Amino acid sequence: MIFLTIAGMMLVTFLPRVAPVWFLASRSLPPLVASWLRYVPPAVLAAMLLPSIVAPEGVVDLHWRNLYLMAAVPTLLVAWKTRSMFGAVLTGMALVALSRLVWGI
Amino acid sequence: MKTTGFVKEQPWLRGVSRALPIVMGYIPIGFAYGVLAQKAGLSVWQTLAMSVFVYAGSSQFIAVGLFSAGISPLSIIITTFIVNLRHMLMSAALSPNLKGWSKAELAVFAYELTDESFGVHTMSFKAGNPAKGEIFALNITAQTAWVLGSWLGCTMGGLISDVRPYGLDYALAAMFIALLVLAISDRIQVAVAVTAGVLSLVFLLAGLDQWHVILATVIGATIGVVVEECSKTR
Numbered sequence: 232m233i234f235l236t237i238a239g240m241m242l243v244t245f246l247p248r249v250a251p252v253w254f255l256a257s258r259s260l261p262p263l264v265a266s267w268l269r270y271v272p273p274a275v276l277a278a279m280l281l282p283s284i285v286a287p288e289g290v291v292d293l294h295w296r297n298l299y300l301m302a303a304v305p306t307l308l309v310a311w312k313t314r315s316m317f318g319a320v321l322t323g324m325a326l327v328a329l330s331r332l333v334w335g336i
Numbered sequence: 393m394k395t396t397g398f399v400k401e402q403p404w405l406r407g408v409s410r411a412l413p414i415v416m417g418y419i420p421i422g423f424a425y426g427v428l429a430q431k432a433g434l435s436v437w438q439t440l441a442m443s444v445f446v447y448a449g450s451s452q453f454i455a456v457g458l459f460s461a462g463i464s465p466l467s468i469i470i471t472t473f474i475v476n477l478r479h480m481l482m483s484a485a486l487s488p489n490l491k492g493w494s495k496a497e498l499a500v501f502a503y504e505l506t507d508e509s510f511g512v513h514t515m516s517f518k519a520g521n522p523a524k525g526e527i528f529a530l531n532i533t534a535q536t537a538w539v540l541g542s543w544l545g546c547t548m549g550g551l552i553s554d555v556r557p558y559g560l561d562y563a564l565a566a567m568f569i570a571l572l573v574l575a576i577s578d579r580i581q582v583a584v585a586v587t588a589g590v591l592s593l594v595f596l597l598a599g600l601d602q603w604h605v606i607l608a609t610v611i612g613a614t615i616g617v618v619v620e621e622c623s624k625t626r
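Structure follows, in structure tokens:
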């Protein structure tokens, strides 16, 4: 029964992933739709990111002890100045790990 | 990302190297998923089957909880559908870059489309025209890390209980910060990102969890188009 459920989960996960590329990739889109789709990446990335750093436990936490939020500022600056994804990731991880080591939080 | 000359010449290697931040995030999260699945009473094969065939992190965590609570299979499948519906927007946003791909290639690509691979692909497409080999190498590397992490969690969940001292729990959040910065190139996009981020948080706190990302993205992107059109006519 669990394997059948997993098969069902596979189907309902795959369909939303594949349907848009199947229907849209070969078409030339109306300009308005094309520009709407260009705004999706910044919108969806921000929509996933902000709750995870501002409210990592499900409630808004603006205290300095919220390392996810505090580390976000230098991580953002490194990404902006260096344009390096890897550099930003290492900066963020190192800051979080060091803060825990130093302040034990 | 800065790469050496050899890696630059090899699309597959470039794909693997671009996937590294995802790997650093997926192994510990996959590990946590494997540990939870074992505690919930799933077999190793069932746990790995979900990582291989479903491959969608947050919905796998939710499913494990529902399995152990004895929720009906239909409810689990419907919940999975809702949680993963946001990938529709990502798939649509990437589609203009995939012109000329066969239906089979698109299917294989879409099968491994996750929040994280979407972010890195968006960056790659913006920076140039990545080879198919690079794109598939990134996807395969990321999913391998996810399955490997799940398997490690199943088999040695007792050995490592906490990855927090290494800051690995921040790898994906840091990656999203970088991807967001790299995805933004004008003021309207800044406004769209801020609006979508704040709306997403508000919707989440208002109890619209599972829908908050989709709603915030649709509203944010629509505002972007409206502002763009208004600034054109002026």
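Residue numbers (our numbering), protein chains in the order written: chain A, 232 to 336; chain B, 393 to 626. For glycine and all other residues, C-beta sits at the position ideal for the given N, C-alpha and C. Please read all numbers here as calculations on a predicted model, not as lab measurements.
For Glu-288 (chain A), the secondary structure class from DSSP, reduced to helix, strand or coil, is coil. Look at Trp-538 (chain B) here: in three-state DSSP terms it is helix. Proximity of Pro-273 (chain A) to chain B, defined by a Cβ-Cβ separation below 9 Å, is satisfied. The alpha carbon of Gln-438 (chain B) has as its nearest neighbour, out of B:Ser-450, B:Ile-611, B:Val-456, the alpha carbon of B:Val-456. In this structure Ala-563 (chain B) is not in contact with Ile-284 (chain A), their Cβ atoms being roughly 13 Å apart against a cut-off of 8 Å.
For His-294 (chain A), no alpha helix (DSSP H) segment is defined, and its DSSP state is neither H nor E. Taking a beta-carbon distance threshold of 9 Å, Trp-334 (chain A) does not count as an interface residue toward chain B.
Ranked by Cα distance from Leu-560 (chain B), the options A:Phe-254, A:Leu-329, A:Val-333, A:Gly-335 are led by A:Leu-329. Burial is judged here by how many other beta carbons sit within 10 angstroms of a residue's own beta carbon; Ala-608 (chain B) has at least 16 and is buried.
For Asn-476 (chain B), the C-beta contacts it makes with chain A under 8 Å involve Val-243, Thr-244, Pro-247, Arg-248, in order along the chain. By the Cβ test, the region 603 to 622 of chain B is in contact with the region 271 to 287 of chain A, since at least three Cβ pairs between them sit closer than 8 Å.
One thing to note: Ala-250 (chain A) has its Cβ within 9 Å of the Cβ of Ser-483 (chain B). Taking each of B:Gly-545, B:Leu-571, B:Pro-557, B:Val-475 in turn and checking the Cα distance to Ala-519 (chain B), the smallest one comes out for B:Leu-571. Counting C-beta atoms within 10 angstroms of its own C-beta, Leu-263 (chain A) has fewer than 16 neighbours from the protein chains shown and is therefore classed as exposed.
Selection B:Leu-600, B:Ser-464, B:Met-515, B:Pro-488 evaluated against Arg-258 (chain A) yields B:Pro-488 as nearest (Cα-Cα). Judged by DSSP secondary structure, Thr-313 (chain A) falls within the alpha helix (DSSP H) whose first and last residues are 303 to 313.
In this structure, Thr-244 (chain A) lies away from Phe-517 (chain B), with their beta-carbon atoms at least 9 Å apart. Cβ atoms of Val-252 (chain A) and Leu-530 (chain B) stay farther apart than 8 Å, at about 16 Å. For Met-232 (chain A), the secondary structure class from DSSP, reduced to helix, strand or coil, is coil. At a cut-off of 9 Å, the C-beta of Phe-453 (chain B) has no neighbouring C-beta in chain A. Taking the beta carbon of Gly-545 (chain B) as reference, no residue of chain A falls within 7 Å; the closest one sits roughly 17 Å away.
Counting along the chain, no alpha helix (DSSP H) covers Trp-493 (chain B), and no H or E run does either. Taken atom to atom, the span from the alpha-carbon of Phe-445 (chain B) to that of Val-500 (chain B) is near 12 Å. Residue-level contact by beta carbon holds for Leu-490 (chain B) and chain A, with a gap shorter than 9 Å. Taking C-alpha positions only, Ala-238 (chain A) is separated from Ala-485 (chain B) by approximately 27 Å. Assigned with DSSP and collapsed to three states, Ala-523 (chain B) falls in coil, not helix or strand.
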